[in-house]
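Chains as they are written, first to last, in the working numbering: chain G, 72 to 420; chain B, 72 to 420; chain R, 72 to 420.
To keep things clear, I will list the structure first and then write my remarks on it.
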């Protein structure tokens with residue numbers, strides 16, 4: 072099955088090599104029209120042979136040989152030294168990255184709509200739209216909002232009063248921005264995410280939970296991608312902040328007053344309690360969480376389903392609940408299973 | 072309190088018995104107009120007496136006798152051998168199933184709207200609507216979408232370019248389908264769920280997280296029910312797939328390239344990392360999660376809040392984080408509590 | 072940086088003291104125009120000096136002295152006995168509560184829209200709107216719905232058939248109420264939350280998961296605040312219920328037939344399985360969960376990421392998975408870390 076949406080011009084093996092910064096081996100006369108995985112690629116498609124390790128340290132190359140033998144791909148993207156069984160290939164240091172670059176050449180990206188305001192959209196007086204902005208059907212843009220050049224609001228997007236959205240950002244259907252939220256340039260926000268809802272702040276006054284007004288807002292840096300169904304709360308006083316180039320997966324919850332550096336990665340279902348600080352380039356695995364008011368350094372890796380309850384220094388690799396050094400956690404798990412086994416054997420005797 | 076929405080014709084005890092495949096004992100002259108639970112049912116309602124065990128193995132019949140004594144229900148649905156204190160009843164092998172069948176008789180189901188396109192909806196040229204389709208207010212149907220006969224888009228639903236929705240499917244308010252998504256026949260998707268958003272794929276290129284275009288789509292089989300606030304990501308190359316008859320609870324996250332068989336059950340807050348494969352009829356308890364690239368067999372049961380980190384064979388019953396055999400997990404928990412108690416007692420001495 | 076949205080009249084130190092029920096020390100001639108945190112407050116703003124302990128028992132006053140030294144705030148809100156280095160201050164028993172009260176004076180609250188039905192909204196015949204109701208653009212209000220005086224539907228809100236919303240309640244964009252849902256007076260529901268979707272009830276009938284119709288609804292008491300992206304399922308027969316004054320954080324999932332008392336607190340990502348009962352004033356920490364059919368007493372505190380698998384008595388403080396007494400859990404964690412360390416040291420020898 073080929074990927075039907077391909078739109079970029081077909082490429083020769085040499086052109087593929089040039090595009091991805093690699094070196095062609097064979098493949099003269101090939102016309103590559105798309106990219107796919109080894110199992111699904113056809114004779115006019117490129118496919119990459121996995122190599123290296125993923126975030127969890129798993130060897131991505133496991134079983135690559137079998138995939139290479141069985142594939143019908145016309146062109147392989149492979150690292151030096153990987154046996155490609157004599158097939159046409161492009162040698163490149165990061166084959167998966169090369170496949171992504173190639174996919175960006177062929178892939179049309181999300182739908183591009185004609186600039187202008189759809190007749191079924193509502194743009195209040197006093198909103199400012201840059202050139203080439205597209206406001207789709209059923210959208211609402213409130214007074215005082217400012218949308219930079221080329222911004223796309225797909226459909227059913229609500230942009231609150233005085234929000235600012237940087238040039239080239241793309242908001243998918245159902246996204247809600249509360250008043251005053253600031254989104255950088257070149258960001259993508261996926262469907263039904265909510266940015267800038269009130270932080271969860273109450274104080275028991277003796278008879279009820281008295282609401283602490285949430286006066287801050289949310290600021291998201293340039294070139295961030297926010298998944299679907301994400302909630303990012305506004306700060307109590309100062310804004311909740313994400314640096315540039317952060318990537319946030321679906322259904323993540325970011326509490327009020329969190330401050331994320333640049334290039335932070337939050338996988339699906341991550342929950343950050345209020346006032347969590349995260350340094351540049353740190354990664355939260357799926358379902359991981361932080362307690363409030365903790366500071367996590369730069370380049371930290373936090374395993375899936377871990378719970379960070381105290382500060383973590385730069386570069387640490389942690390796991391567990393509460394999270395500690397990953398090696399301690401793995402040792403602990405192994406020890407525990409041994410103990411349970413010993414106990415069981417003792418009873419059987 | 073009776074359930075006010077009942078619409079089906081009243082039934083005699085004999086008619087109830089026929090409808091549910093049971094045997095009436097007493098109840099001559101009764102006119103049953105609805106179904107309710109033991110605690111709330113009135114004299115014109117049927118109520119079932121729980122029996123058997125739930126997914127967690129708990130005895131549902133616990134305390135049934137007290138419920139039978141106190142109920143004002145006109146007719147009981149009960150298994151053979153259950154003491155119904157001489158009240159009118161219908162004997163049936165699966166009382167809860169019988170109650171569900173009876174409820175389907177009386178319950179009007181979700182609102183049925185007049186066929187046609189609401190004046191406040193936007194259906195782009197080039198979308199194809201089958202007969203009897205209802206497109207409600209504030210909906211958007213993009214070019215190239217195809218809606219089968221009798222499809223209902225309740226309100227505020229966004230259907231992307233080239234999506235296909237099978238006959239009789241019902242989409243509740245705020246559902247978003249990204250371009251190219253395919254939904255089977257007779258499916259229900261609850262409010263604000265997002266199907267087909269981009270999978271979470273990035274590769275660090277030395278200066279930023281380079282986005283891996285997500286070229287696949289999502290395919291959902293016939294007669295699936297998807298809860299509210301669910302996110303199902305599109306595949307990187309091949310589609311993310313759900314078989315037929317799957318039921319997915321609220322706020323579940325299904326990563327890109329997952330492949331689910333038929334009749335899979337995912338309870339609330341489940342998170343499936345990318346490329347998880349699940350065999351027919353397997354059940355994930357609430358909050359359970361999978362690591363990426365694991366294969367779970369058929370008929371597997373995974374306890375609530377478990378984390379599946381490796382492949383699971385057909386028919387296994389597992390729990391824990393990481394998940395292992397349920398009996399091992401229960402033994403481990405008991406052992407652990409004993410150890411903590413021993414340690415505490417030792418210190419006290 | 073001052074909080075630009077301030078709207079309340081400026082206040083003298085004496086007026087601040089009167090408003091928060093405190094005692095002014097110094098500050099003659101001050102004109103306070105807003106409230107902020109110590110780090111961001113300017114000379115015309117008040118800021119509070121944290122004191123006491125948060126829900127997790129952490130000392131909020133840690134580091135307060137440094138904050139007082141560095142702040143540019145014109146007026147401090149501080150408890151008796153806290154050293155404010157001679158700065159103008161208002162002494163008050165609960166400084167954070169005082170700051171919240173002051174913020175409510177200065178903060179405009181969520182946008183207030185002109186009463187009436189926006190031309191881009193759809194209100195079906197047979198819906199009843201009280202005086203001063205505002206139905207914003209892209210909203211849908213179905214037949215038979217009843218909105219009390221002063222209700223605000225911000226934008227893109229869907230209110231199902233026969234819903235009732237009490238006076239003064241505010242629904243943010245994208246909220247969906249299924250048919251028959253009842254919301255009390257003075258409630259706030261944040262964006263994209265779903266109230267009243269079908270509970271997750273199926274019975275295997277030998278060939279498929281037979282759907283149990285969900286005939287109940289949801290009833291939410293007065294003055295509740297529901298976060299963004301929350302899902303609350305309707306009951307199977309009787310309604311799912313929340314008492315008055317409950318506060319529910321983002322992305323919480325409440326299963327069918329749950330019954331919550333008054334002033335219950337559910338932090339982010341909490342998941343309640345069906346038929347969970349919770350007494351007045353109990354608190355679930357972030358990510359905590361309950362198994363179905365458990366009863367949790369009044370005033371119970373459940374630690375973050377805990378899993379409640381059995382009944383909990385009034386006033387208990389629990390943590391862990393499964394949850395037990397917090398002190399046992401802390402003792403267990405400490406013991407476990409010691410054991411792992413001992414084992415590691417043994418191997419090294």
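Think of the CB as a built atom: it goes at the ideal place given N, C-alpha and C, for glycine as much as any other residue.
So, does the CB of residue i fall closer than 7 Å to a CB anywhere in chain D?
| i | result |
| --- | --- |
| residue 349(B) | In the structure shown, chain D cannot be found, because the protein chains are G, B and R. |
With respect to the beta strand (DSSP E) encompassing residue i, which residues constitute its N-terminal and C-terminal limits?
| i | result |
| --- | --- |
| residue 389(R) | 388 to 390 |
| residue 204(B) | Taken as a continuous stretch (DSSP letters only), residue 204(B) belongs to no beta strand (DSSP E), as it is neither H nor E. |
| residue 149(R) | 146 to 149 |
| residue 168(G) | It is not in any beta strand (DSSP E) - residue 168(G) instead sits in the alpha helix (DSSP H) that spans 166 to 177. |
| residue 267(B) | 265 to 268 |
Between the C-alpha atoms of residue i and residue j, what's the straight-line distance to the nearest angstrom?
| i | j | result |
| --- | --- | --- |
| residue 180(B) | residue 217(R) | 21 Å |
| residue 126(R) | residue 388(R) | Caution applies to residue 126(R), whose pLDDT of 49 falls short of 50 and renders its modelled position unreliable; the value that the coordinates give is listed next. Residue 126(R) and residue 388(R): Cα-Cα distance of roughly 11 Å. |
| residue 56(G) | residue 248(G) | This structure leaves residue 56(G) out entirely; chain G is present only between 72 and 420. |
| residue 383(G) | residue 354(G) | 12 Å |
| residue 155(R) | residue 142(R) | 11 Å |
| residue 252(B) | residue 386(R) | 49 Å |
| residue 230(G) | residue 263(R) | 14 Å |
| residue 349(B) | residue 285(R) | 28 Å |
| residue 315(R) | residue 333(R) | 5 Å |
| residue 237(R) | residue 257(R) | 7 Å |
Under 7 Å, Cβ to Cβ, is there at least one residue of chain R near residue i?
| i | result |
| --- | --- |
| residue 342(G) | yes |
| residue 196(G) | no |
| residue 397(B) | no |
| residue 290(G) | no |
| residue 126(B) | Confidence in residue 126(B) is poor, its pLDDT being 49 and thus under 50, which makes the residue's placement too unreliable to answer from. |
| residue 285(B) | no |
Could you give the first and the last residue of the continuous alpha helix (DSSP H) run that contains residue i?
| i | result |
| --- | --- |
| residue 120(G) | That residue, residue 120(G), is in no alpha helix (DSSP H); it is neither H nor E in DSSP. |
| residue 416(G) | 397 to 419 |
| residue 313(R) | Taken as a continuous stretch (DSSP letters only), residue 313(R) belongs to no alpha helix (DSSP H), being part of the beta strand (DSSP E) at 311 to 313. |
| residue 85(G) | 84 to 91 |
For a contact defined as C-beta to C-beta under 8 Å, what are the partners of residue i on chain B?
| i | result |
| --- | --- |
| residue 108(G) | 307, 308 and 309 |
| residue 393(G) | The contacting residues do not exist; residue 393(G) stays about 14 Å from chain B at best. |
| residue 111(G) | 308 and 309 |
| residue 334(G) | 279 and 280 |
| residue 81(G) | Those do not exist, as residue 81(G) stays about 16 Å from chain B at its closest Cβ, beyond 8 Å. |
Here's the rule I'm using: 16 or more other beta-carbon atoms within 10 Å means buried, otherwise exposed. How should residue i be labelled?
| i | result |
| --- | --- |
| residue 342(B) | buried |
| residue 94(B) | exposed |
| residue 100(B) | exposed |
| residue 417(B) | exposed |
| residue 401(G) | exposed |
| residue 412(R) | exposed |
| residue 81(G) | exposed |
| residue 294(B) | buried |
| residue 296(B) | buried |
Please tell me whether residue i has its Cβ less than 7 Å away from any Cβ of chain G.
| i | result |
| --- | --- |
| residue 358(R) | yes |
| residue 388(R) | no |
| residue 318(R) | yes |
| residue 209(R) | yes |
Starting from the beta carbon of residue i, find every residue of chain G whose beta carbon is closer than 8 Å, and list them in chain order.
| i | result |
| --- | --- |
| residue 274(B) | 165, 167, 168 and 171 |
Find the residues of chain R that neighbour residue i, judging by a C-beta separation of less than 8 Å, and give them in chain order.
| i | result |
| --- | --- |
| residue 422(G) | No statement about residue 422(G) is possible, as the shown extent of chain G runs from 72 to 420 and does not include it. |
| residue 414(B) | 402 and 406 |
| residue 229(B) | Per Cβ cutoff of 8 Å: no residues; residue 229(B) is ~11 Å from chain R at best. |
Which chain B residues are close to residue i, counting only those with a beta carbon under 9 Å from its beta carbon?
| i | result |
| --- | --- |
| residue 206(R) | Chain B residues near residue 206(R): none, gap ~12 Å exceeds 9 Å. |
Is there at least one Cβ from chain B nearer than 7 Å to residue i's Cβ?
| i | result |
| --- | --- |
| residue 379(R) | no |
| residue 409(R) | no |
| residue 74(G) | Caution applies to residue 74(G), whose pLDDT of 41 falls short of 50 and renders its modelled position unreliable; the value that the coordinates give is listed next. Cβ-Cβ to chain B under 7 Å: yes for residue 74(G). |
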